[in-house]
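Chemist:
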Amino acid sequence: MSRIQSTFERLKAQGRKALIPYVTAGDPYADVTVELMLAMARAGADVIELGIPFSDPMADGPVIQRASERALAKGITLRQVLAMVREFRTQDADTPVVLMGYANPIERMGPEAFVTAAKEAGVDGVLVVDYPPEESDAFAASLKASGLDPIFLLAPTSTDERVRRIGELASGYVYYVSLKGVTGAGHLDTSAVADAMPRLRAHVKIPLGVGFGIRDGQTAAAVARVSDAVVIGSALVQLIEVQTRDNVANQAAAFIRDIRQALDR
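The sequence shown lines up with residues 174 to 438 when you count with this note's numbering.
(1) Where phenylalanine 287 and arginine 374 are concerned, what is the direct C-alpha to C-alpha distance, given to the nearest angstrom?
(2) Out of Pro323, Ala216, Arg183, Asp310, which has the shortest C-alpha to C-alpha gap to aspartate 431?
(3) When you compare only the Cα positions, how much space is there between alanine 214 and isoleucine 221?
(4) Does the Cβ of proline 371 have 16 or more other Cβ atoms within 10 Å, making it buried, or fewer, making it exposed?
(5) Valine 403 to leucine 436, Cα distance in whole Å?
(6) For valine 355, which three-state DSSP category applies?
(7) With a 10 Å radius around its C-beta and 16 neighbouring C-beta atoms as the bar for buried, classify arginine 438 as buried or exposed.
(8) Quick one, which of Val196, Ser319, Ala427 has its alpha-carbon nearest glycine 274's?
(9) For methionine 257, collect the residues of the same chain with a Cβ closer than 7 angstroms to its Cβ; drop the 5 residues on either side in sequence, then sort them by chain order.
(10) So leucine 327 packs on valine 336, CB below 8 angstroms; how close in whole Å?
(11) Is valine 296 helix, strand or coil by DSSP?
(12) Kindly indicate the opening and closing residues of the beta strand (DSSP E) around isoleucine 193.
(13) With methionine 210 as the anchor, note down where its alpha helix (DSSP H) starts and where it stops.
(14) Provide the residue span of the beta strand (DSSP E) that contains isoleucine 445, from first to last.
(15) Considering only the alpha carbon of each residue, which of Ala408, Pro235, Ala266 lies closest to serine 175?
(16) Alpha carbon to alpha carbon, how far is glutamate 242 from aspartate 322? Give it in angstroms, no decimals.
(17) When the Cα of serine 344 is compared with those of Ala426, Pro194, His376, Thr392, which residue comes out closest?
(18) Would you say valine 336 reaches chain D, if we count a Cβ-Cβ gap shorter than 8 angstroms as a contact?
(19) Using the Cα positions of alanine 203 and alanine 240, report the straight-line distance between them to the nearest angstrom.
(20) I'd like the ranges of any alpha helix (DSSP H) spanning at least 4 consecutive residues and lying wholly in the segment 270 to 349.
(21) Let me make sure I understand the geometry here. Which of Gly386, Val410, Pro269 has the alpha-carbon closest to that of alanine 294?
(22) For the alpha helix (DSSP H) containing isoleucine 177, list its first residue and its last residue.
(23) For glutamine 434, count the other beta carbons within 10 Å of its own beta carbon; 16 or more makes it buried, fewer makes it exposed. Which is it?
(24) Buried or exposed, going by whether 16 or more other CB atoms sit within 10 Å of the CB of serine 351?
(25) Just list the alpha helix (DSSP H) runs in the segment 225 to 256, keeping only unbroken ones of 4 residues or longer that don't cross its boundaries, in chain order.
(26) I'd like to know if the segment 405 to 418 and the segment 379 to 387 are in contact, where contact means that at least 3 CB-CB pairs between them fall below 8 angstroms.
So this is what it looks like as structure tokens:
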């Protein structure tokens, strides 16, 4: 059982929902990522999604685009992201880490080399936004063979066939994008999320996390009532982008702690 799977099993036994924050590696300061990850884990993050900076993050809105631009300007590469995970693992052996990004950096490294390096670094799951499930059999199989979870996105526009296919390929959890559009856009309609769940659960037998549009404890708690996990990205990235180097980890931890308390209530 992977670290992600065991985390969800533990939370289910406790009657709790997973909190999954997203940050971009190397943002807002090149040397703060590991400290930031550790602070969020201590504050109640159950899984950490770590973004691989990319020059054309097509699914992301302006907040996360800026984060990628800042990280790239500091020279952050995929190999450095893996080094950050490796350093994180020296201090935290339990919190799952999911790398989230786009195909180009992985293709440049080579998918097989990437899977090997990710496993060695201590990565637990991989979500590649522009690897469609219809073309991901070999990559998903390679991840699973190395004990890593292939994680996929579903959206309100996903067809039944797409949902079924992802239900077959994915492990760990599936990330349901609650809104049409890019990260940080729009207003989350929790009733629409609730309405979508039965169709998704008919094919997806692993935990379902919901992200896009979750900005505070109230929204997170409402989403958690109908899902297995809450994913928060843009609101957190927007918070930390204006912090000083000395304050960023503390501010992120306070934000995560507030969301965790709202979920546990």
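Think of the CB as a built atom: it goes at the ideal place given N, C-alpha and C, for glycine as much as any other residue.
Modeler: Checking against the coordinates, here is how it stands:
(1) As a first step, residue 287 is located in the sequence shown; it is residue number 114 there, counting from the start. As a first step, residue 374 is located in the sequence shown; it is residue number 201 there, counting from the start. Answer to the nearest angstrom: the Cα atoms are 31 angstroms apart.
(2) For the purposes of this step, residue 431 is taken as residue 258 along the sequence shown, with counting starting at 1. Ranking Pro323, Ala216, Arg183, Asp310 by Cα distance to aspartate 431 puts Ala216 first.
(3) Along the sequence shown, read from residue 1 onward, the residue named residue 214 stands at position 41. Along the sequence shown, read from residue 1 onward, the residue named residue 221 stands at position 48. When rounded, the distance between both Cα atoms is 8 angstroms.
(4) The residue given as residue 371 occupies position 198 in the sequence shown. The residue is exposed, with fewer than 16 neighbouring Cβ atoms inside 10 Å.
(5) Residue mapping note: residue 403 aligns to position 230 of the sequence shown, counting from 1. Residue mapping note: residue 436 aligns to position 263 of the sequence shown, counting from 1. One C-alpha to the other measures close to 9 angstroms.
(6) The sequence position of residue 355 within the sequence shown is 182, counting from 1. With a pLDDT of 48 at valine 355, under the threshold of 50, the modelled position of this residue cannot be trusted, and the question is left open.
(7) Within the sequence shown, the letter at position 265 stands for residue 438. With fewer than 16 other Cβ atoms within 10 Å, it is exposed.
(8) Here residue 274 is taken as the residue at index 101 of the sequence shown, counted from 1. Distances from the alpha-carbon of glycine 274 to those of Val196, Ser319, Ala427 put Val196 closest.
(9) Position 84 of the sequence shown holds residue 257. Ala198, Thr206, Val207, listed in sequence order.
(10) Here residue 327 corresponds to residue number 154 of the sequence shown, with the count starting at 1. Here residue 336 corresponds to residue number 163 of the sequence shown, with the count starting at 1. Approximately 6 angstroms separates the beta-carbon atoms of leucine 327 and valine 336; this is inside 8 angstroms, confirming the contact.
(11) Locating residue 296 in the sequence shown gives position 123, where the first residue counts as 1. Of the three classes helix, strand and coil, the one that applies to valine 296 here is coil, per DSSP.
(12) Here the question's residue 193 lines up with position 20 in the sequence shown. Where isoleucine 193 is concerned, the enclosing beta strand (DSSP E) stretches over 191 to 197.
(13) Along the sequence shown, one-based indexing puts residue 210 at 37. Unbroken alpha helix (DSSP H) run through methionine 210: 206 to 216.
(14) Residue 445 lies beyond the range of the chain shown here (174 to 438); nothing can be said about it.
(15) As a working mapping, residue 175 is identified with position 2 in the sequence shown. Proximity to serine 175 across Ala408, Pro235, Ala266 peaks at Ala266, based on C-alpha coordinates.
(16) Locating residue 322 in the sequence shown gives position 149, where the first residue counts as 1. Locating residue 242 in the sequence shown gives position 69, where the first residue counts as 1. Cα to Cα, aspartate 322 sits roughly 28 angstroms from glutamate 242.
(17) Indexing the sequence shown from 1 puts residue 344 at position 171. The residue with the shortest Cα to Cα distance from serine 344 is His376.
(18) Going by chain labels, chain D is absent from the structure shown, which holds only one protein chain.
(19) In the sequence shown, the residue the question calls residue 203 occupies position 30. In the sequence shown, the residue the question calls residue 240 occupies position 67. Taking the straight line joining both Cα atoms gives about 11 angstroms.
(20) Listed in chain order, they are 276 to 282, 284 to 294, 310 to 318, 333 to 342.
(21) Within the sequence shown, the letter at position 121 stands for residue 294. Closest by alpha carbon: Pro269.
(22) Your numbering for residue 177 matches position 4 in the sequence shown. Counting along the chain, the alpha helix (DSSP H) containing isoleucine 177 begins and ends at 176 to 187.
(23) Counted from its first residue, the sequence shown places residue 434 at position 261. By the neighbour-count rule (16 or more Cβ atoms within 10 Å), glutamine 434 is not buried but exposed.
(24) Here residue 351 refers to the residue found at position 178 when the sequence shown is read from its first residue. With 16 or more other Cβ atoms within 10 Å, it is buried.
(25) List check, alpha helix (DSSP H) in window: 235 to 246.
(26) A contact is defined here as three or more CB-CB pairs under 8 angstroms, and the segment 405 to 418 meets this definition with respect to the segment 379 to 387.
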